[in-house]
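Chains as they are written, first to last, in the working numbering: chain A, 397 to 601; chain B, 397 to 601.
What follows is the structure, encoded as structure tokens:
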């Protein structure tokens, strides 16, 4: 079973995580009978689509044209929690806190030039928000040939699940010990993790 | 086709990357007919095995017991290269430099208590090198019950491919422009990227 205590049902928290991050891994069945795990930059657009870009020839195209079913996962590691924060003997409480979102859906190649241009503009806008290039426009004769040459893929979302692990499974006593350990260690990100732990602990089941 | 110019054949560079990193994504076929993308901490051991741990019941166990074929990918984003480093008009040269290693193999559940204990010790050793716990020993009566309760998975490697992108595809003129842009921008990691670009450019084809 997937451990339910870490599941996030707050759609806003899931979407805000997807907008914050920029890369993930796409899993699909390869045409050689092996599962594939391909790291990709992505953009999550205001209308709730996920876009990627890539080569028109290659394993993504070959695999996904035979079976368009895919799962895309976006992951961020937060604080690592050493066992001794809450247990002086056993190693078992050691764990990694994280946020992840898994998106199941089907991947379609976008053929329409205007949608391709919009998707690439959104993708680049998230990576290069300062601009510094001519607007990506399929009617600009300088953009038309490269736009035809690149593949744009759209993941049509069927299901989206968030899993954020910030000690929700701990007793109040253990949680206090972990928060104290983080406060004393005070590595970059540790204070944010304490805030996330507080927020997660106060959420209704 | 996979773009050959970014492929890394230096086994030492691949292994050193795997030792440096601690998480990746495992792709496999789910028992519901959907591909799965599961983020996992891992350890790459001195004898060339990859180990994970997890719950004994769950989608990994269900999917992998039906079809043990998997691909595990470890990815690190390096500098994002904005288009204007090398082109004042088109957005097309914008790209992400990265290192990634993809490992294809079959996943087996480790049942033998001594191997389980060694794998968990290696996994924790990479995350908590400072120690601070009793040695993980299957003969320690305090460890035996939790060791029985946790699943340890071993990925038996059939193929391992590295792809490091640091501008190997660029002309000398473009490469110089990108290195100059990085030197001026000077964000954390940019100087390291310049070094990687220099090293990649001087490698024999």
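Quick reminder that beta carbons are idealized off the backbone N, C-alpha and C, glycines included.
Give the C-beta separation of residue 500 of chain A and residue 433 of chain A to the nearest angstrom, bearing in mind that I take them to be a contact with Cβ-Cβ under 8 Å.
About 15 Å; that fails the 8 Å criterion.
Just the C-alpha distance for residue 537 of chain A and residue 441 of chain A, rounded to the nearest angstrom, thanks.
26 Å
Give a yes or no on whether the minimum CB-CB distance between residue 490 of chain B and chain A is below 7 Å.
yes
Length of the line joining the Cα atoms of residue 416 of chain A and residue 471 of chain A:
11 Å
With distance defined between alpha-carbon atoms, name the residue in B:493, B:551, B:528, B:410 nearest to residue 437 of chain B.
B:551
Thinking just about the alpha-carbon of each residue, which of B:504, B:587, B:594 is nearest to the one in residue 475 of chain B?
B:587
Spell out whether any CB of chain B is found under 7 Å from the CB atom of residue 352 of chain A.
Beyond the ends of chain A as shown, which are 397 and 601, falls residue 352 of chain A; an answer cannot be given.
Within chain B, partners of residue 479 of chain A - CB distance below 8 Å:
520, 524, 528, 529
Quick one: is residue 604 of chain A buried, meaning 16 or more other Cβ sit within 10 Å of its Cβ, or exposed?
In the structure as shown, chain A begins at 397 and stops at 601. Residue 604 of chain A is therefore absent and cannot be evaluated.
Whole-angstrom Cβ separation of residue 449 of chain B and residue 516 of chain B, contact assumed at under 8 Å?
6 Å
For residue 618 of chain A, which three-state DSSP category applies?
Since the first and last residues shown for chain A are 397 and 601, residue 618 of chain A lies out of range.
Residue 503 of chain B beta carbon less than 7 Å from that of residue 460 of chain B:
yes
Can you look up residue 513 of chain B in the DSSP assignment and give me helix, strand or coil?
helix
Listing by chain order, which chain B residues have their CB less than 9 Å from the CB of residue 485 of chain A?
529, 530, 538
Does chain A have any CB closer than 7 Å to the CB of residue 567 of chain B?
no
Pull up the distance between the alpha-carbon of residue 583 of chain A and that of residue 510 of chain A, whole angstroms please.
46 Å
For residue 491 of chain A, which residues does DSSP report across the bridge?
A:477
Nearest candidate by alpha-carbon position, reference residue 526 of chain A, set B:541, B:480, B:592
B:480
From the DSSP output, read off the bridge partner residues of residue 420 of chain B.
B:436
Any idea if residue 462 of chain A is buried or exposed, counting beta-carbon neighbours within 10 angstroms, 16 or more meaning buried?
exposed
I need the boundaries of the beta strand (DSSP E) containing residue 550 of chain B, first residue and last residue.
547–561
Helix, strand or coil for residue 518 of chain B per DSSP?
helix
With H, G and I counted as helix, E and B as strand and the rest as coil, what does DSSP make of residue 609 of chain B?
Shown here, chain B extends from 397 to 601; a query on residue 609 of chain B therefore has no answer.
In whole angstroms, what separates the C-alpha of residue 558 of chain B from that of residue 594 of chain B?
18 Å
Kindly indicate if chain A contains any beta-carbon less than 7 Å away from that of residue 584 of chain B.
no
Presumed contact (8 Å Cβ cut-off) between residue 485 of chain A and residue 529 of chain B, rounded CB distance
7 Å
Where residue 564 of chain A and residue 574 of chain B are concerned, what is the direct C-alpha to C-alpha distance, given to the nearest angstrom?
45 Å
What would DSSP say about residue 643 of chain A, mapped onto helix, strand or coil?
Outside the displayed range of chain A (397 to 601) lies residue 643 of chain A, so it cannot be described from this structure.
Alpha carbon to alpha carbon, how far is residue 570 of chain A from residue 444 of chain B?
36 Å
So, are the CB atoms of residue 579 of chain B and residue 520 of chain A less than 7 Å apart?
no
Around the Cβ of residue 591 of chain B, are there at least 16 other Cβ atoms within 10 angstroms (buried) or fewer (exposed)?
exposed
Thinking C-beta only, is residue 431 of chain A closer than 7 Å to residue 518 of chain B?
no
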